[in-house]
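**Student:** 303 is the number that the working numbering gives the last residue of the sequence shown; the numbers go up by one with no jumps.
For each residue, glycine too, the CB sits at the ideal point set by N, CA and C.
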Amino acid sequence: MPPLPRPGAAPDGTSPDGAAQAAAAGEDVLPGVVPSPNAWYHPDAYALENAHVDPDRRVDAVLREVAGWAGLDVVDVGCGLGVMLGRLAGLDPGPGEDAVDGALAVARSVVGVEPHPPPRGRAQRRARALDPAGARVRVVAGTAQALPLPDASVDVVLARWAYFFGPGCEPGLAEAERVLRPGGAVVVVDTDASRSTFGGWFARARPRHDAAAVRRFWRRQGFCERGVDVRWAFPDRASFEAVVRVELPPALADEVLAAHPGTALDDAVAVRWRRTPGRPGSPTDDPADDPAGAAVGGRA
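1. Would you kindly report the start and end of the unbroken beta strand (DSSP E) that includes T194?
2. Tell me whether A132 is buried or exposed, calling it buried when 16 or more other Cβ atoms sit within 10 Å of its Cβ.
3. If we ignore side chains and look at the alpha-carbon of each, how far apart do R141 and A130 end up?
4. Report the option in M87, D134, D257, A254 whose CA atom is closest to the CA atom of E117.
5. What span of residues does the alpha helix (DSSP H) with G230 cover, start to end?
6. Starting from the C-beta of P185, find all residues in its chain whose C-beta is less than 8 angstroms away, skip the five residues before and the five after it, and write them out in chain order.
7. Starting from the Cα of D63, find the closest Cα among P151, V36, A108 and give me that residue.
8. In chain order, which continuous runs of the beta strand (DSSP E) of length 3 or greater are located wholly inside the segment 61-121?
9. On a Cα-Cα basis, can you pick out the residue from G83, N41, P253, L91 that is closest to R67?
10. For W276 and V77, which I take to be in contact (beta-carbon distance under 8 angstroms), what is that distance rounded to the nearest angstrom?
11. Could you pull out every residue in the same chain whose Cβ sits closer than 8 angstroms to the Cβ of S199, ignoring the five residues on either side in sequence?
12. Between the alpha carbons of A179 and A241, how many angstroms are there, rounded?
13. Per DSSP, which one or two residues make a beta bridge with W204?
14. Use the C-beta contact count for E173: other C-beta atoms within 10 angstroms, 16 or more gives buried, fewer gives exposed.
15. Distance, Cα to Cα, F237 vs V113?
16. Quick one: what's T146 bridged to in DSSP?
17. Secondary structure at G29, three-state DSSP: helix, strand or coil?
18. Assess contact between the segment 215-230 and the segment 155-172, defined as three or more Cβ pairs (one per stretch) separated by less than 8 angstroms. Is contact present?
19. Answer with buried or exposed for A188, where buried requires no fewer than 16 other C-beta atoms within 10 angstroms of its C-beta.
20. How would you write the range of the beta strand (DSSP E) that R218 sits in, first residue to last?
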């Protein structure tokens with residue numbers, strides 16, 4: 004496929020006039036939402052990214068370990084195109100997972116929350132394909148800071164690369180605590196800009212992003228952290244370039260692509276989690292027992 008159009012992203016990765024563009028397009032932008040420069044404007048490239056970044060699903064394995072959602076009710080905040088819906092519901096097993104493994108990771112129910120209509124529409128179609136009756140999997144409109152869910156109604160609040168990027172996300176954290184049952188967990192997945200090739204690119208694209216300060220923020224909030232080394236593995240150069248171009252500003256994308264041949268890349272992810280009081284936790288539920296930055300998996 005040819006490279007997709009380059010996004011007009013600001014140096015910090017946000018779209019400088021994203022809300023205005025969305026409003027001009029007649030899209031219903033919910034209050035407090037900052038448009039995503041990748042999923043909002045380049046959903047096809049973002050779908051490629053979801054399909055070919057972390058193909059070994061190492062992040063999913065850590066999520067299962069720290070959240071343990073089998074038989075529980077889960078909300079996927081900022082679910083985007085709905086990639087995680089089937090995985091959480093046990094309807095989309097990962098590489099090497101057999102029926103027994105899948106049965107151990109089946110949530111009782113999964114609600115995807117997404118503020119932006121186009122990706123939400125895709126996620127809703129995915130949900131209907133997975134669960135036509137909508138008894139276990141559904142997608143609704145909402146934001147991290149205003150979840151359309153009752154108090155104490157879910158066991159796991161999951162956010163992958165959505166909203167919870169450090170200081171400023173306190174309203175969303177308060178909302179997560181509101182909807183969690185006793186003993187529930189909020190789990191946040193984000194890029195670790197302190198290491199890996201892509202982490203270095205990410206840091207250059209967002210010079211105001213301070214990875215150390217973000218880590219300190221999460222530790223102050225009582226979150227544990229696990230680092231996960233993942234890989235990008237694309238089927239062709241055009242797909243690889245398309246994804247790089249929706250993640251980086253145009254000039255930086257040109258520079259790094261010229262210096263980085265091939266279709267593979269090493270990346271680093273931070274998985275952070277915190278439980279509410281109410282049920283016994285494992286030793287890693289104490290931040291002091293799980294040093295920030297400890298990595299699992301191997302580099303590509």
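**Tutor:** Short version:
1. As a position in the sequence shown, residue 194 is number 191, starting the count at 1. Run containing T194: 183-194, per the beta strand (DSSP E) assignment.
2. For the purposes of this step, residue 132 is taken as the residue at position 129 of the sequence shown. Exposed, by the Cβ-count rule.
3. The sequence position of residue 141 within the sequence shown is 138, counting from 1. The sequence position of residue 130 within the sequence shown is 127, counting from 1. R141 and A130: Cα-Cα distance of roughly 6 angstroms.
4. As a first step, residue 117 is located in the sequence shown; it is residue number 114 there, counting from the start. Check the Cα spacing between E117 and each of M87, D134, D257, A254: the tightest is with M87.
5. The sequence position of residue 230 within the sequence shown is 227, counting from 1. Counting along the chain, G230 falls outside any alpha helix (DSSP H), though it belongs to the beta strand (DSSP E) covering 227-236.
6. Walking along the sequence shown from the start, residue 185 turns up at place 182. So the qualifying residues of the chain are A155, T279, P280, G281, R282.
7. As a position in the sequence shown, residue 63 is number 60, starting the count at 1. The shortest Cα separation from D63 among P151, V36, A108 belongs to A108.
8. 76-80, 112-117
9. As a first step, residue 67 must be located in the sequence shown, where it is residue number 64. Out of G83, N41, P253, L91, L91 has the C-alpha closest to the C-alpha of R67.
10. Stepping through the sequence shown from its first residue, residue 276 is reached at position 273. Stepping through the sequence shown from its first residue, residue 77 is reached at position 74. In fact, because the Cβ distance is near 13 angstroms, the residues do not count as touching under 8 angstroms.
11. Residue 199 sits at position 196 when you count from the first residue of the sequence shown. Answer for S199: D232, D269, D270, A271, R302, listed in chain order.
12. Position 176 of the sequence shown, counted from the first residue, corresponds to residue 179. Position 238 of the sequence shown, counted from the first residue, corresponds to residue 241. CA-to-CA, the gap between A179 and A241 works out to about 39 angstroms.
13. Residue mapping note: residue 204 aligns to position 201 of the sequence shown, counting from 1. In DSSP, W204 forms no bridge with anything.
14. As a first step, residue 173 must be located in the sequence shown, where it is residue number 170. Flag for E173 reads exposed.
15. Counting from 1 along the sequence shown, the entry for residue 237 is found at position 234. Counting from 1 along the sequence shown, the entry for residue 113 is found at position 110. C-alpha separation (whole angstroms): 29 angstroms.
16. Locating residue 146 in the sequence shown gives position 143, where the first residue counts as 1. Bridge partners of T146: A149.
17. Working through the sequence shown from its first residue, we reach residue 29 at position 26. Unreliable placement is indicated for G29, whose pLDDT of 46 sits below 50; no coordinate value is reported for it.
18. yes
19. In the sequence shown, counting from the first residue as 1, residue 188 sits at position 185. With a 10 Å radius around the Cβ and a threshold of 16 neighbouring Cβ atoms, A188 comes out buried.
20. Residue numbering aside, residue 218 sits at position 215 when the sequence shown is read from its first letter. From DSSP, R218 is part of no beta strand (DSSP E) but of the alpha helix (DSSP H) over 214-223.
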